[in-house]
Structures are given as C-alpha cells and as structure tokens.
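From first to last, the protein sequence lines stand for chains A and B. Oh and the first sequence: position 537 is 537 in the UniProt record's numbering, straight run, nothing missing. Oh and the second sequence: position 773 is 773 in the UniProt record's numbering, straight run, nothing missing. By construction, the Cβ of each residue, glycine as well, lies at the ideal position given by its N, Cα and C atoms.
There are 2 protein chains.
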Amino acid sequence: MTEREESPTEEQARDARFVGSARERREDPALLRGEGQFTDDIDAPDASHLVFVRSPHAHADVVEVETARAEGMDGVVAAYTWADVEASDAHGRMGAPTERLNGDVPGHPVLADGRVRYQGQPVAAVVAESPYLAADAAEAVAVEYDRLDAVTDAAAARGDDAPTVFEGCPDNVAASGELGDEAATDAAFADADRVVDLDLVNNRLIPNALEPRAALARPEGDRLRVDMTSQSPHGHRSDLADALDVPERDLRVVAPDVGGGFGHKGHHHPGETMAAWAARRLDRPVKWTATRSENYLAGAHGRDHVTTCALAFDDDGRIRGLRAETDANVGGYPLGSSPLLPLWYGRLLAGQYDVPAIHCVTRSVFTTTAPVHSYRGAGRPEAIYVLERLVRRAADDLGMDPAEFRRRNLLPPDAFPVETAAGATYDSGDYEPALERALDAVDYETLRETETRDDGRLVGVGLASFVESTGGGFESGVVRVHPDGGVTAFAGTHSHGQGHATTYAQVVADELGMNPDDVDVVEGDTDRIPRGTGTFGSRSVVVGGGAIVESAREVREKAARIAADELEADPGDVELADGEFRIAGAPERSVSFAAVAAAAHGSDRPEGMDAGLEATSFFEPERSAYAFGTHAAVVAVDPETGEVEVDRYVAVDDCGVRVNPTLVEGQIHGGVAQGIRQALHERAVYDEDGTLASGTMADYKVPDAGHVPEIHTEHTVTPSPTNPLGAKGIGEAGTIAAPPAVVNAVVDALAPYGVDHVDMPVTPPRVWRAMRDS
Amino acid sequence: MTEREESPTEEQARDARFVGSARERREDPALLRGEGQFTDDIDAPDASHLVFVRSPHAHADVVEVETARAEGMDGVVAAYTWADVEASDAHGRMGAPTERLNGDVPGHPVLADGRVRYQGQPVAAVVAESPYLAADAAEAVAVEYDRLDAVTDAAAARGDDAPTVFEGCPDNVAASGELGDEAATDAAFADADRVVDLDLVNNRLIPNALEPRAALARPEGDRLRVDMTSQSPHGHRSDLADALDVPERDLRVVAPDVGGGFGHKGHHHPGETMAAWAARRLDRPVKWTATRSENYLAGAHGRDHVTTCALAFDDDGRIRGLRAETDANVGGYPLGSSPLLPLWYGRLLAGQYDVPAIHCVTRSVFTTTAPVHSYRGAGRPEAIYVLERLVRRAADDLGMDPAEFRRRNLLPPDAFPVETAAGATYDSGDYEPALERALDAVDYETLRETETRDDGRLVGVGLASFVESTGGGFESGVVRVHPDGGVTAFAGTHSHGQGHATTYAQVVADELGMNPDDVDVVEGDTDRIPRGTGTFGSRSVVVGGGAIVESAREVREKAARIAADELEADPGDVELADGEFRIAGAPERSVSFAAVAAAAHGSDRPEGMDAGLEATSFFEPERSAYAFGTHAAVVAVDPETGEVEVDRYVAVDDCGVRVNPTLVEGQIHGGVAQGIRQALHERAVYDEDGTLASGTMADYKVPDAGHVPEIHTEHTVTPSPTNPLGAKGIGEAGTIAAPPAVVNAVVDALAPYGVDHVDMPVTPPRVWRAMRDS
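Here it is, written out as structure tokens:
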C-alpha cells in the first residue's frame with residue numbers, strides 16, 4: 001500500500017504527537033485471545049431464555065394462538081401472546097413517526113396483534129430455563145393463520161391490485177417527499193443538449209454482523225438493566241422506556257463488546273424489547289439471542305430502492321440537471337423513523353459536481369417483507385449509485401472519457417462552503433486531486449486502452465467519485481481526571497468494531513500531554529455517560545471526538561491554572577507535555593500533571609477555584625462534514641460465463657484529519673468489501689408468497705476473503721471546519737463508492753457488446769444475458 | 001413532642017414547597033420489607049470467602065506462620081501471609097501521613113509484617129469456597145508468637161518504662177500539636193479572679209453499626225469492582241488504589257445499602273483491602289464479612305482522650321481563659337490520618353462562649369490497642385465535654401446558676417462571623433434563644449429547687465451548650481434531566497441511614513418545580529458519580545446538598561432559556577412550577593418541563609445552545625457551618641446503688657434551614673441515645689495484657705430502647721451563609737451534647753454529697769464510690 005503524505009494540513013498535524021499516528025488497536029488483544037465479552041457471553045444467575053414463535057407467512061390474520069401445551073412442558077417459565085402484553089402496563093410497540101406518515105399506522109407490536117405483515121414476525125414468545133427447552137416449547141405453540149396475499153416489491157405495492165398492508169394506509173405509501181426544484185429541473189432538461197436515463201435497482205441487503213442481535217434483561221435494584229447489542233445505548237434506552245412505558249431513569253442499557261452493527265443494531269426491534277418486558281414481568285433475568293436465521297428473517301434489512309433517473313447535459317459535458325423518482329421499500333412495519341429515511345437520500349444527488357438543477361421524488365412503500373431501515377451508508381450509497389451510474393452513462397453517450405466528464409463538472413476548491421441544488425451544504429472539499437490520484441494509481445490510461453486480458457477475459461475500469469455527509473447530531477463527552485492523575489474519557493458513541501478506545505485515547509493524550517495508554521475510554525453504559533446519540537452515519541470521531549476534545553481542552557485550561565498557581569506563573573506561560581507542566585523558557589521549573597490532579601482534589605487549589613478536574617461537553621457540529629474521494633475498480637469479465645472478478649481496487653479518500661490511519665484504512669477496506677459484494681453478490685430475495693429465499697449465509701452470499709481484491713488506499717487531507725479535530729467520517733465511504741465503481745467497470749468491460757447497464761447484483765447469468773440481449 | 005415554628009427564617013422557608021417538609025423516608029419501605037441489599041447480601045457467582053487469622057496477643061513478634069495444613073483442607077482456595085503480599089505488585093499497607101508523624105512509622109500492613117501491635121491484628125488470611133470452610137481452615141493455621149509487653153493507656157505509653165510500639169518512634173508519640181496562644185492564656189490565668197481544673201477521661205468507644213464491615217471484590221472486565229460498607233466510596237477507591245498500587249480508574253467501588261457507619265466505615269481497614277488483593281490475585285470474587293467480634297476487636301475505635309484542663313474566670317462569671325492538655329490514644333497503627341485528627345479537637349474549645357484566651361496541647365500516642373479514629377463527632381464531643389464540664393465546675397465554684405454563668409459568656413448574635421481564640425471561625429449563631437428554650441422546656445427553675453424525688457432518688461439537671469463544625473471539604477453533584485423529563489441527581493456523599501435520597505429529592509424538586517417522587521437520587525458508585533468525599537462530619541446536606549442545588553439551578557436556568565424560546569418570551573419572565581413553565585402574567589401560555597427536556601435533546605433548541613440538560617458542580621463552602629444548641633438532661637440517682645437514670649432529655653438544636661424535619665429529629669434522637677450511653681455505659685476495656693475485655697455487645701453495653709429516655713426536641717433556625725440551602729449539619733449534635741449534659745446532671749444530683757466530678761461511663765460503682773469518697 002502506498003501512502004503519500006504531502007498535504008500542508010498533514011504537515012500541521014505533525015505538531016500532534018498521537019493524532020495521526022497509526023497505533024495498534026487496544027481492543028484487539030482481548031478479542032484475539034477470545035476474551036471479548038459479548039452479550040450472549042454474559043452469565044446471569046437464574047437467567048431464563050426467550051424464544052419467539054415466528055410467522056411462517058408474510059401476510060396473514062392470526063386467528064388463534066394456543067400456548068397451553070408449551071406452558072406445560074418441562075422447564076418452561078411462561079408463554080406470552082399479544083393479549084399478555086396488551087393487558088400489561090406497557091404499550092409494547094416500537095415507536096413510529098405516526099404524525100408524519102400518510103395514514104394511520106400503528107407501531108410494530110412486540111408480538112403480533114392479530115395480523116402478521118412479514119415472514120418471521122414474532123407471534124408468541126416462550127421463556128424457559130434453557131434456550132433449548134424454550135426452542136422446543138416454541139415448536140409446541142399452535143398458531144392458526146388465515147393467509148392473505150403478499151406483496152414484496154415497492155412499485156407493485158403501489159398498484160391498484162396490491163394487497164393493503166395497513167387499513168389506515170390504503171395505498172401502502174407510508175411517506176413521500178420531494179427535494180430540489182421541479183420547475184428549474186424541467187427547464188434544465190428542456191434546454192440541455194442531451195438527456196440520458198436509467199432504471200436502477202439498489203438491491204435489498206441484509207446486515208451480516210459477526211454477532212447476531214441479543215439482549216440480556218435483568219432486574220438491578222428497582223431498575224431494569226438491559227445488556228444488548230447496541231450501536232446506541234441511550235437511543236435504545238429511550239426506545240425501551242417508550243415501549244415499556246417506564247421512565248428512562250429506571251432503565252440502564254449497557255452495550256458490552258458488540259460484533260458489528262452496520263445500522264441494524266441501532267434500531268428498535270421486538271427481540272430486545274420483549275426480553276425487557278418479560279424480565280420485568282418475571283422479575284428475573286431473561287436472555288434473548290437471535291439465531292443467524294432470525295437475523296436474516298426479521299432483523300431490519302437495507303437499501304431496496306427502485307429508481308427511474310435521468311441526467312441532462314450539454315455536448316461539452318457540462319451537467320445541466322438531474323431527475324430521480326424512487327420507490328423505497330420499507331417492509332411490513334415502520335421501525336422508528338424508517339419510512340422517513342428514504343425521503344432524504346436525494347440530498348447527496350449532486351455528489352462532487354456542480355449540478356444546477358435537481359428534482360427528486362421519493363415514496364416509502366409498505367410491503368409484506370421484513371422492515372427496512374438504515375444500513376451502512378443509509379441513503380448515501382443509493383444517491384451516489386444513481387449519480388455515478390448516470391455520469392458514466394452520459395460520458396458514454398458523449399463518447400467522452402468518464403474521468404474527463406467528471407473533471408469538467410467538479411465543484412472547484414474555492415466554492416466551499418457550497419449549497420447544492422439538492423439542498424446539502426458542503427463544508428469543504430478539494431475533489432480533483434483525489435480523482436487524479438485514483439487515475440494515476442489504477443493506471444487508468446493503460447486500462448482504458450485494454451479490452452481483454454491474455455486469458456481472454458474482458459477488462460473494464462470503473463470510477464466513482466462521491467461525497468459522504470458525516471457527523472450529524474450531538475454527542476456528550478466527559479473527560480475526568482482522577483486524583484492520581486489517571487484519565488477516563490466517556491463518550492456517548494459506541495464502538496462495535498470501530499476502535500474508539502484507541503482513537504479517543506490518542507485525541508485526549510494530545511490535548512493533555514500524556515500517553516494514550518494513560519487514558520481509559522468508556523462507552524456503552526447509560527449509567528456512566530451523560531447522554532449518547534450513538535455510532536452510525538460516520539459520526540463518531542467527528543461528533544464524539546469533538547465532544548471529548550472540547551472537554552479535554554477545558555480540563556487542560558483548569559489544570560494549567562493550577563499549575564501556574566503552583567509555579568507562580570501566568571497560566572498563559574505554562575506548557576504541558578509528557579505529563580509535566582513547565583514554564584516557557586524556564587524548563588527547570590515544573591509540576592507534574594499528577595500533582596496538579598491531586599491539588600485539584602485537595603486543598604491546594606488556587607483561591608476561589610472549584611474542586612475537581614473534569615469537564616462535560618455536549619458537542620454538535622453546526623452542519624455535516626462532507627468526506628469525499630474517488631474510487632476505481634478494475635474488473636475482468638469472463639465472456640463465456642459472465643463471471644465478474646474485481647481484479648484491483650483503488651480507494652482515494654479524504655476524511656479530513658485522520659486520527660489513526662490504520663483504523664481509517666480498516667473502515668475503507670471493510671466498506672469496499674461490502675460494496676463490492678453488493679455490486680456482485682448480495683441480495684435479499686423474496687418469492688411471490690413473501691417467503692425469504694435468501695435466508696442463510698450460503699443463499700445470501702456474504703463476502704468472503706477470496707472475493708475481496710487487493711485494495712490500494714491513498715488519501716488527501718482537507719480538514720473540516722465543523723469540528724475541533726478537523727475530521728470527517730470514514731465509516732461508510734467504501735459502501736458508497738464501490739457499487740458504482742464496480743458496475744461502471746463492468747459496463748466498461750462490456751462496452752464492446754453495447755451493454756449500457758446491468759443491475760446489481762451483477763451475477764453471471766445477468767451479465768451473460770446482457771451480453772446476449774444487447 | 002412540641003415543635004415551635006416562629007423564627008422569621010422559617011417563615012421565608014415556607015416559599016419552598018418541599019424543603020422544610022417532613023416527608024416520609026423513601027428508603028424505608030424496602031428496608032422494612034427486608035428488601036435492603038447490603039454487601040453481604042450480594043450473591044456473586046463463584047464467590048470465595050476470606051477469613052483472617054488474627055493475633056490473640058496485643059504485642060508480639062510473629063516467629064512463624066504455618067499455612068500448609070489449612071491449604072490442604074477441603075474447599076480451601078488459598079492461604080496468604082505477609083510474604084505473599086510482599087512478593088506481589090501491591091505494597092499492601094494502609095496509607096499513613098508518614099511525613100507528618102514524629103518518627104518513622106510504616107502504614108498498617110494488611111497482614112502482619114513480623115510483629116503484631118494489637119489483639120485481633122490480621123496475621124494470615126484463608127480463602128475458601130464457603131465462609132465456614134474458611135473459618136475452619138483459619139483455625140488450622142499455626143502461628144508462633146514471641147510475646148512482648150503491652151501498653152493500653154496513652155499517658156502510660158509516654159512513660160519511660162513503656163514498651164516501644166514502633167522502633168522509629170521511641171517515645172510512642174505519633175504526633176503532637178498545640179492550638180491557641182500560650183502566653184496570652186498564661187496571662188489570663190494569672191490575672192483571673194478564679195481558676196478551676198479537672199482531670200477528664202473521654203472514654204474509649206467502639207462503633208456498633210447494625211451491619212458489620214464487609215466487602216465483595218470481583219473482577220469486572222479488566223477492572224476490579226469492590227462492593228463494600230463504605231461511607232466514602234471515592235475515598236475508599238483512592239485508599240484501595242494506593243494499597244494495591246493500581247490506578248484509581250481501574251477500580252470501581254460501590255457502596256450498596258449500608259447499615260450505619262459512625263465513622264469507622266469511612267476508614268481504610270485491612271479487611272476490605274485484603275479481599276480486593278485476593279480477588280485480583282485469584283481472578284475471582286472474594287467476599288469478606290467481619291463478624292461482630294471482629295468489629296469489636298479490630299474495627300477502628302473512637303474517643304479515648306485523657307485531658308487535664310482548667311478554666312480561668314472572674315468573680316462576675318466572665319470567662320478569662322481555658323487550658324487543656326490531652327493524651328489521645330491512637331492505638332497500634334496509624335490508619336489514614338488518625339494520628340492527626342486529635343490535634344484539631346481543640347478548635348471547638350471556645351464553644352458558644354467569648355473565651356479571650358485558649359491554649360491546648362495534644363499528643364497522639366501509640367499503644368498496643370486497636371487503631372483509634374474518628375467516631376461520630378470526631379473531636380467535637382471531646383472538646384465540648386471539656387468545656388461544658390469546666391463551665392459547670394466554674395459555676396459551682398462561684399455558687400452561680402450554671403445557666404446564668406452561660407448567659408454571661410455567650411457570644412452575642414451580632415458577633416458573627418467570629419474567630420475564636422481556638423482558631424475556629426463561626427459563620428452565624430444566635431445562642432441565647434436555644435438556651436432559654438431548653439431551660440423552659442425542661443422546667444429548669446423547678447428542677448433546680450428539687451433535690452430528691454418521692455422515691456428518694458436524687459434529682460439533677462445538667463446543661464450542655466455546644467457548637468458543631470459541619471460541612472467541610474468539597475462534594476460533587478450532578479443533576480441530569482433525561483429526554484422524557486425525568487431527573488436523576490447524583491451526589492458524592494453516601495447515605496448509610498441518613499436518608500439522602502429523601503432529602504436531596506426534596507431539594508431538587510423545589511429547584512425544578514416538580515414533585516420529589518420524580519427525582520431519582522444516586523449515591524455510592526464511583527462509576528456513576530464524578531467524585532465524592534463522603535458522608536461524615538455532618539457534611540452531607542451542607543456540601544452534597546449545596547452541590548446539587550448549584551447544579552439544579554444551572555439546569556433550571558438552561559431549561560428556562562429553552563422554555564422562553566418556545567414561548568417567545570424573555571427567560572427572566574418565565575416561571576416554573578408543577579412541571580410547567582409559564583409566562584408571568586400570562587398563565588395560559590405554558591410549556592411543560594418534559595417538553596423542554598425533549599427539546600434540549602432534540603433539534604428544537606435555541607440557536608447556539610448546546611444539547612443536553614444537565615449540570616455538574618463541585619461545591620465547597622468557603623468555611624464550615626457551625627450548628628449549635630443547648631441540651632438539658634434530667635437524671636435520677638439512686639443513693640443506695642449509685643444507679644443513674646436519665647429521666648427526661650430536652651434537645652434544642654439549630655442546624656439552620658432544615659430540609660426534612662423528621663430526618664433532622666432522627667439524627668438528634670440517634671445521637672442523643674449514643675451520647676447518653678457514652679455517659680452512662682459504653683466503654684472499651686482492655687486488660688493490662690492488651691486483651692479486649694469488652695468484646696461483645698453484652699460486655700460493651702450498647703444502647704437499648706429501655707435506656708433511652710423521652711427526648712423532647714425543639715429548634716431555632718439561624719441559616720448558614722456558607723451554602724445555598726442555608727443548612728448546617730445535624731448528624732453529630734446528640735453525641736456532642738449528651739455526655740456533658742448527663743454528667744453535669746449527675747454532678748448536680750450529687751451536689752449534696754460535694755461530688756464535683758464522676759468519670760464516664762458514670763456507672764453505679766463509680767457514683768457510689770464518689771458519694772462515699774467526697
């Protein structure tokens with residue numbers, strides 16, 4: 001891997017000792033030794049185990065649920081149906097943005113309230129002394145269903161003949177919205193030299209975290225503690241408090257080690273909620289752990305957009321306007337804000353380009369499939385896929401090199417901050433260097449001239465230039481100095497693989513002139529952290545890091561006042577490094593940080609200063625930080641079989657100041673792997689009865705190492721002005737850029753056959769058929 | 001019980017809805033139902049149990065410790081001696097203020113390091129699968145001792161023939177100090193019309209908390225969690241971190257329900273420390289629970305002052321000066337700051353009086369007895385006992401009524417703040433009303449004229465006017481508003497019976513215009529609270545309450561800004577009551593506190609305002625608040641047997657603003673009961689070999705209900721300017737006032753016999769002997 005370090009901002013960053021350093025992850029030793037403590041690893045004395053009875057049907061009335069036989073079985077503690085929940089003091093539904101939906105739609109009930117709306121929906125729950133006894137007893141619950149017609153496709157669900165998912169929402173359109181200026185866009189299209197259009201499917205995906213979702217709920221004093229696989233412990237506490245109708249302060253949510261999330265561990269699902277409900281009812285610990293199959297069936301899915309789109313441009317390659325109309329599948333129930341999420345995807349439709357007019361119409365549509373919610377990227381991959389496929393199509397239409405087409409439309413570095421026609425305001429950017437580096441690194445010119453390899457496979461190179469909005473919402477950060485000088489930093493984000501403990505410790509260490517090893521980082525416990533928004537949307541370093549930096553600076557300022565008092569100097573004259581405060585120009589006079597910490601908690605504080613040495617910040621950037629980059633994929637397509645191999649992959653990313661380059665690259669590698677697999681393999685498939693056909697890892701095709709190419713990473717550094725670290729998020733870049741880069745490469749390879757599009761996943765049959773049909 | 005409510009400050013307090021209200025303790029229902037969770041109640045999976053082998057000798061060299069037989073017994077996990085601790089990475093000693101002691105004195109080792117210095121000192125420890133197996137195995141540990149001479153009396157330990165406790169401190173004087181002005185006092189004594197003197201013993205006491213000390217130490221992730229009977233969880237975390245040589249951040253100390261403390265649960269003892277050391281070493285939970293006998297033998301004792309004192313005064317009753325010289329027994333080891341504590345007792349020697357000159361010399365002396373440290377009152381009872389006994393003696397010398405003698409010397413209400421000749425600065429006071437009320441309530445004039453009752457018993461009335469320094473050090477307080485409007489208040493103090501959850505909730509409720517039931521209070525967990533000093537020295541409401549009020553006010557101010565924004569009003573114009581913000585003069589416009597809380601965590605905040613609704617304060621009063629009062633005891637003495645009965649007791653206290661009068665009275669009742677028992681019954685007795693003769697409840701004579709008289713309480717209210725509540729502490733008043741009040745009453749009863757003093761405890765033989773010998 002090449003790493004070029006030449007930007008002036010990187011130069012400045014060298015002042016920092018640890019920010020910018022590729023330190024090893026402090027999380028790894030325990031995980032590699034098998035000492036991680038994941039939710040299902042937690043032993044609670046007297047724990048019972050909850051297993052769901054799930055609907056085999058996508059759409060049906062539940063006529064009768066008979067639990068008597070199950071209740072009589074050995075080791076069974078209880079069996080519950082909706083009637084039990086309804087009779088309790090909890091309303092038992094996942095929150096939904098009711099007032100913002102088209103129609104009267106109830107929240108997802110923890111157990112079916114008389115109807116099921118997707119295969120796998122929980123209908124009853126059995127609690128037993130072991131998970132095996134519970135599973136056996138769940139088999140013994142008899143449910144009588146009256147089947148109804150299924151509908152799995154969003155566009156079809158809007159049709160007149162489609163079954164109605166909710167009576168209060170007869171057309172199945174949960175929510176709809178538009179972005180941009182329709183009249184201006186119409187005018188641009190009318191005036192432009194050329195228009196290209198595409199019908200695109202952003203294939204439905206299923207998150208495959210290493211660890212399935214799980215929860216262990218148990219009474220803790222008068223309160224309830226829920227350990228769970230969470231990306232957002234405070235968010236889940238709010239969700240659970242809502243569903244259980246208890247005050248938030250009576251709940252403690254703890255997220256221990258979490259093995260991946262990709263979004264679905266930030267959502268409010270029935271499993272965790274039912275475990276919490278049952279633990280309160282039984283006054284004993286209840287554990288629920290999803291099987292891998294249950295995660296496929298009933299964990300929130302992602303993507304599933306069907307889009308008709310068009311790009312208007314002139315003969316010189318200048319883009320004039322963009323139109324998109326999307327049906328987004330939200331599945332059988334709203335899950336939190338899931339129906340509203342697709343309405344905002346269009347905000348990124350300008351990408352890196354100066355697009356004068358944009359109009360985007362989106363409908364979120366109920367179908368009888370599992371709920372769909374944000375999945376790594378959460379709208380950004382959908383937008384960039386539309387844009388970058390159109391860009392390629394337009395370049396081909398003009399016969400212009402796609403790189404050159406991009407160059408002609410890039411927003412110039414002096415344009416920032418800039419508001420796009422899609423309504424997004426970009427903070428900073430310098431796009432062309434990343435594009436040129438990607439071209440250089442992939443040996444673009446040579447590839448453009450190569451049609452086939454020696455083995456006869458067709459060669460293609462595809463580009464994707466993208467922006468990624470990162471760092472929304474607020475986060476709390478506490479930096480606490482103990483009397484012995486040790487430091488603990490608390491953040492409301494939660495690492496589920498990101499390595500925040502490593503990153504945040506580097507950040508605090510620089511601010512407090514100490515070694516990262518002397519900084520503890522705490523996340524994932526609502527009892528220890530003021531408030532958290534969580535880890536998603538590439539926000540943690542930007543927002544959580546920002547909060548921690550603000551607190552660390554406040555701590556440093558107070559510490560400096562104490563040190564100055566001790567050294568009989570002006571606070572402005574003391575410098576902190578290597579655990580010592582020194583007077584500038586008189587380095588022999590010093591006081592240790594530990595002595596300052598002791599003084600802050602003792603009686604040697606400066607007159608009038610409060611005791612303690614800690615600070616709490618709630619940081620929220622005024623606007624999002626827009627990471628960007630250009631990725632290039634090289635594919636080889638077997639003309640005999642249609643099989644596509646990604647041969648090489650170049651990722652040039654700019655996420656502003658990089659706190660830990662190794663972790664940044666890890667994020668890029670993982671995202672690219674996921675993006676390539678979306679492009680080539682992954683797809684949730686429902687049959688027409690609404691039965692999930694891709695319900696196992698083998699059927700669904702998760703990425704494996706053999707299918708991930710060598711990934712070459714480079715970077716530029718354009719700091720963000722939105723946060724004290726100058727950082728931009730990097731968690732989703734790969735999933736955004738890789739799908740269009742790979743599909744563009746396939747189209748490039750198939751150019752001799754006149755193929756202008758192949759839908760994702762680009763499987764051999766589809767390629768073969770496209771070659772044949774063109 | 002009469003309660004007069006007529007002071008103007010009480011009038012002002014009626015503005016507050018809940019401060020001043022005698023609400024029931026929210027702690028009681030669970031405790032009364034047996035649902036309290038005390039340390040020994042906690043079940044930890046795989047817990048092992050630690051039992052000490054304790055020295056039967058007061059002073060001996062430990063020649064050999066043989067643990068092999070114990071280690072071979074069923075269920076024994078390990079047996080440890082000092083050699084194991086010494087070879088570990090922990091220094092294993094209780095901290096001591098080494099540099100401030102006279103000589104080279106090591107800290108108390110968790111296991112004997114070659115010598116034992118008090119009966120009951122831990123010599124070895126056995127860990128086994130059950131406490132019974134551990135106790136059996138401890139019996140099997142063979143220890144060979146080489147006995148040395150014991151010395152149990154502080155004055156004797158200073159003698160030339162006394163055995164040396166520490167070689168580095170040959171005269172056994174651990175520390176010494178003086179207060180006041182010797183020359184001025186000498187001059188006052190030379191110039192005064194009269195001088196009286198007394199030799200006084202403040203008898204050695206042993207704390208008798210309902211719950212003995214206990215600890216359960218267990219690994220929690222990479223850290224160690226120690227649940228323990230603590231008055232000061234953060235203080236104990238610092239102590240444990242020190243003894244174990246680990247960073248504070250690697251320890252979590254939790255104090256669950258704690259059944260009384262009286263000081264000794266704030267100290268750093270071997271038991272809790274050894275459990276923590278063993279849990280780290282074994283990497284499994286280790287529980288240690290003191291037996292009642294062990295608490296007698298080796299829990300820190302209290303008092304044990306021997307004082308020679310004198311008062312100089314003029315014929316008109318005006319006090320001219322006071323002298324005191326004290327030997328304070330600190331036992332066989334320093335325990336934290338224990339040798340320094342007695343050096344400050346003299347600060348209260350002026351009491352309520354204008355004493356122009358004071359000189360006090362104090363020596364803390366090592367003896368071969370259990371360590372002595374602060375016990376409810378912690379120096380205050382010792383000082384007031386000296387003063388009030390001298391005052392009585394002086395009045396008798398003059399033939400003046402003791403109440404009149406006091407009146408002539410009281411500091412006048414316009415004197416405050418005032419610095420006494422003993423170096424204390426009193427914040428506020430109005431002493432005469434409390435004195436007069438006490439006289440009135442006890443029917444003083446009648447009693448003064450009564451020599452005997454109809455049953456022939458001698459009647460006596462005794463007074464004690466006192467001040468009590470309260471509220472030292474800092475405390476942290478967090479007030480956190482959750483998004484649903486619920487409130488949690490966190491304080492660094494820890495209730496071990498005081499009812500802080502009730503009190504603090506009242507305080508927060510008034511500040512935030514809500515009901516106390518909607519305020520949760522959290523104490524006792526170092527992971528949830530920024531930093532704590534603890535509950536002792538009558539400081540919790542003053543300092544912890546002050547910190548919580550400061551935070552609540554900051555929260556209210558921010559909430560008002562949000563409400564004003566919502567109501568389009570000026571923040572100064574919105575009022576908060578009953579959970580609603582309203583505009584003054586336009587009550588129909590309102591926004592709920594819960595809606596404001598939601599807005600603070602959402603996106604509807606006023607421009608530029610940080611998210612969140614919480615505040616953290618570190619509050620430290622600039623100086624102590626001095627509570628005061630006058631107590632009166634009425635005794636009947638049987639001239640045949642010398643038996644003393646306290647017939648009636650009047651307590652008039654002024655602790656400034658009283659947050660919850662019921663809890664204030666509870667503190668007075670408990671303290672008076674303890675004080676009466678010190679006066680009449682309690683005493684730790686060592687024989688000349690240093691064997692504790694009073695090692696059981698029956699031998700030691702703890703208070704029982706039958707010996708506690710009717711206690712009549714009244715109060716005045718002189719707010720303290722030192723803290724936002726205007727409160728003064730009340731936790732120790734009874735233990736301060738009751739001993740001199742009772743002894744003065746006994747002397748009053750025995751006046752016909754010419755008895756001018758009887759030492760505490762005033763037992764029948766002593767009374768009988770005094771009557772005979774006078």
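With a threshold of 8 Å between beta carbons, Gln506 (chain B) makes no contact with chain A. Taking C-beta separations shorter than 6 Å and ignoring five residues to either side along the sequence, the partners of Glu432 (chain A) in its chain run Leu410, following chain order. For Ile730 (chain A), no alpha helix (DSSP H) encloses it, and the DSSP letter there is neither H nor E.
Per DSSP, reduced to three states, the secondary structure at Pro765 (chain B) is helical. DSSP, read as helix, strand or coil, puts Pro606 (chain A) in coil. Look at the stretch 241-260 of chain A: the residues with a C-beta under 7 Å from a C-beta of chain B are Ala241, Pro247, Glu248 and Arg249. With 16 or more other Cβ atoms inside 10 Å of its own Cβ, Arg437 (chain B) counts as buried. If the five residues before and after Tyr649 (chain B) are omitted, its C-beta is found closer than 8 Å to the C-beta atoms of His631, Ala632, Ala633, Val634, Val672, Ile676, Pro709, Glu710, Ile711, His712, Ala738 and Ala741, all from its own chain and listed in chain order. Residue pairing by DSSP puts Val173 (chain B) in a beta bridge opposite B:Val365.
Of the other Cβ atoms in all chains shown, 16 or more fall within 10 Å of the Cβ of Gln667 (chain B); this residue is therefore buried. Under DSSP, Arg237 (chain B) shares a beta bridge with no residue.
Annotation: Leu463 (chain A) is outside any alpha helix (DSSP H); the continuous beta strand (DSSP E) that includes it extends over Leu458 to Thr470. One Cα belongs to Tyr296 (chain A), the other to Ala560 (chain B), and the distance between them is close to 47 Å. Here His49 (chain B) is actually not in contact with Pro106 (chain B); their C-beta atoms are around 29 Å apart, not less than 8 Å.
For Phe628 (chain A), the enclosing beta strand (DSSP E) covers residues Ala625 to Val637. Straight across, the Cα-Cα distance linking Glu388 (chain A) with Ala78 (chain A) is about 54 Å. Secondary structure at Ile676 (chain B): helix, using DSSP grouped into helix, strand and coil. Excluding the 5 residues flanking it on each side, Glu182 (chain A) has same chain C-beta neighbours closer than 7 Å at His359, in chain order. In chain order, Glu248 place their CB closer than 7 Å to the CB of Ser238 (chain B), counting only its own chain and leaving out the 5 sequence neighbours on each side.
Under the three-state reduction of DSSP, Val664 (chain B) is assigned to helix. Straight across, the Cα-Cα distance linking Phe18 (chain B) with Val508 (chain B) is about 9 Å. As a beta-bridge residue in DSSP terms, His712 (chain A) pairs with A:Val650.
Assignment of beta strand (DSSP E) within the stretch 156-200 of chain A, counting only whole runs of 3 or more residues, yields 173-180 in chain order. In this structure, Leu340 (chain B) lies away from Ala155 (chain B), with their beta-carbon atoms at least 8 Å apart. Secondary structure within the stretch 213-237 of chain B: the beta strand (DSSP E) runs of 3 or more consecutive residues, fully enclosed, are 214-220 and 223-228 (chain order). For Val755 (chain A), there is no enclosing alpha helix (DSSP H), as DSSP marks it with neither H nor E.
The stretch 224-232 of chain B makes no contact with the stretch 81-91 of chain B, as fewer than three CB pairs between them are under 8 Å. Note that the stretch 311-327 of chain B does not touch the stretch 98-115 of chain B; fewer than 3 beta-carbon pairs, one per stretch, sit closer than 8 Å. The C-beta distance from Ser469 (chain A) to Thr616 (chain A) rounds to 27 Å, too long to meet the 8 Å contact threshold. Rounded to the nearest angstrom, the Cβ distance from Ala749 (chain A) to Gly656 (chain A) is 34 Å, too far for a contact under 8 Å. Not a single C-beta of chain A is nearer than 8 Å to the C-beta of Arg33 (chain B).
Of all residues in the stretch 598-617 of chain B, the ones placed with a Cβ closer than 8 Å to any Cβ belonging to chain A are His601, Asp610, Ala611, Gly612, Glu614, Thr616 and Ser617, in chain order. For chain A, the residues of the stretch 473-500 of chain B that bring a beta carbon within less than 9 Å of one of its beta carbons are Gly473, Phe474, Glu475, Ser476, Val478, Arg480, His482, Pro483, Asp484, Gly485, Gly486, Val487 and Thr488, in chain order. Measuring C-alpha to C-alpha distances from Gly642 (chain B) to each of B:Gly524, B:Val459 and B:Val195 identifies B:Val459 as the nearest.
Residue contact with chain A for Pro530 (chain B): present (Cβ-Cβ distance below 8 Å to some residue of chain A).
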